[in-house]
Amino acid sequence: MRGVVTRARRVVVKVGSSSLTTAAGGLDPERLAALVGALCSVDGERRREVVLVSSGAIAAGLAPLGLSRRPRDLATQQAAASVGQGRLMHAYTEEFGRHGRTVGQVLLTVDDVTRRAHYRNAHRTLRKLLDMQAVPIINENDTVATEEIRFGDNDRLAALVAALVQADLLVLLSDVDALYTGHPSQPGSRRVDEVTDFAQLAEVSVGGVGSAGVGTGGMVTKVEAARIATDAGIPVVLTAAPLAAAALSGEAVGTLFHAAGVRATARLHWLAHATTARGRLHLDPGAVTAVVDRRASLLPAGITRVDGAFTAGDPVDLIDVTGHAVARGLVNYDALELPGLLGRSTVELAATLGPAYEREVIHRDDLVLL
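Start counting the sequence shown at 1113; every next residue gets the next number (the numbering used here).
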């Protein structure tokens, strides 16, 4: 038995579209019932808190809209998600209800957990749902997410949610029972039972989207999600959906990724892994030292150049003199405001432009080193 699994009291479970749907794209009631049964059985047994990150909204909306495969354009994906999300949540509500459990829907975008006020609200909502013994069911808010603020796949979303709720374990469920050194059908392909260092995966070949064509990621997204979670101090089990109960009970199924890092501040973990920089701030050597070594806030005096079109609150990368990104942060000024402030002290700016300009360009609480 895997002690790191049996000791976990707060577990995030992610299930992919291919594990919930039929070949035609509709929800498979038997698969969904089996998953919920596994979650409720282990939950009740071990008094665990369970958070479910579920794909399937777009897939569930394909058949009702007469679509045979997942659409490529964002507008049609959003239409399918709009139709399918209600069907997905109805199915979960009914099935969890058979076990006497209440569920709550939580739809997230990247902005919901990187901007400070939004992050606090998301964290507070999830914490309250768990306190009230409800099961949060999380999905990306596909109906409103734009290309710039999308997670791209629910594997990465699940890893970030695990950090957000300070989970003890992340379980990634798919249509493959474990990580293999190559495609499972290939001769000589071996199952990888445990990963203690990602360097040992250098020779492992990971594929793309599953054969059903209803998901967004294959094994490569799951390995990357495992890297994100383990870096935050959270172990990960990767296995097939039918093995969910065995995996959650601590049996040696699937692949176990051991935690590699220490628990990080969840919001900064999101900032590093969930966002795309909207611009770049070039720093002089003194500013790089202040930000990287002293973990200080970034002031206008240390910035030499501004690239990109961004507004206050957007993520931007901080660039050293060699052109490498050393940090990412949420900027307090619009791109159009900054050029006139560069190289000037906050005292000088406050004296000439007013007290509003005495603030940092990026506060140290909104900075993460890359």
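Every residue, glycine too, gets a C-beta built ideally from N, C-alpha and C.
In this text, all values refer to a predicted model and were calculated from it rather than measured experimentally.
| Item | Value |
| --- | --- |
| For a test of the three-state rule: what should DSSP assign to I1474, helix, strand or coil? | strand |
| Using DSSP's beta-bridge definition, name the partner residues of E1161. | R1122 |
| Out of A1357, V1473, A1384 and V1304, which one is the CA nearest neighbour of A1341? | A1384 |
| Please state whether DSSP places Y1445 in a helix, a strand or coil. | coil |
| To which residues of the same chain is T1387 closer than 8 Å at the C-beta, ignoring the five residues directly before and after it? | V1222, T1226, P1427 and R1440 |
| Using DSSP bridges, identify the partner residues of V1307. | F1369 |
| Taking DSSP as the reference, what is the three-state secondary structure of E1363? | coil |
| Taking all protein chains shown into account, decide if G1168 is buried (16 or more other Cβ within 10 angstroms of its Cβ) or exposed. | buried |
| Going along the chain, which unbroken runs of the beta strand (DSSP E) with 3 or more residues stay wholly within the stretch 1395–1459? | 1415–1420, 1427–1431 and 1437–1442 |
| With a CB to CB cut of under 6 Å and the five nearest residues on each side skipped, what residues in its chain are close to R1421? | Sequence inspection shows Ala at residue 1421; the Arg mentioned does not correspond to that position. Only A1447 meet the Cβ criterion. |
| Using the DSSP secondary-structure output, state which residues sit across from Q1217 in a beta bridge. | I1249 |
| Looking at C-beta atoms only, is the number of pairs between the stretch 1271–1284 and the stretch 1121–1129 that lie closer than 8 Å three or more? | yes |
| Label M1201 either buried or exposed according to how many other C-beta atoms from any shown protein chain fall within 10 Å of its C-beta, with 16 as the threshold for buried. | buried |
| Could you compute how far the alpha carbon of P1347 sits from the alpha carbon of E1472? | 37 Å |
| Please list the terminal residues of the continuous beta strand (DSSP E) segment that includes A1275. | Note, A1275: premise wrong, no beta strand (DSSP E); alpha helix (DSSP H) at N1266 to L1276. |
| In angstroms, rounded to a whole number, what distance separates the CA positions of H1370 and A1344? | 11 Å |
| What does a CB cutoff of less than 6 Å around G1329 pick up in its chain, not counting 5 residues either side in sequence? | Low confidence applies here, because G1329 scores a pLDDT of 47, under 50, leaving its location unreliable and the question unanswered by this model. |
| Whether or not the stretch 1188–1202 and the stretch 1302–1313 are in contact is what I'm after, with contact meaning three or more pairs of Cβ atoms, one per stretch, closer than 8 Å; do they touch? | no |
| Is it the case that the Cβ atoms of R1392 and D1432 are separated by a distance below 7 Å? | no |
| Using a Cβ-Cβ cut-off of 8 Å (strictly less than) and excluding sequence neighbours within five positions of S1457, which residues of its own chain qualify? | L1411, P1412 and A1413 |
| L1350 and A1290 look like a contact to me (Cβ under 8 Å); what is the Cβ gap, rounded to whole Å? | 7 Å |
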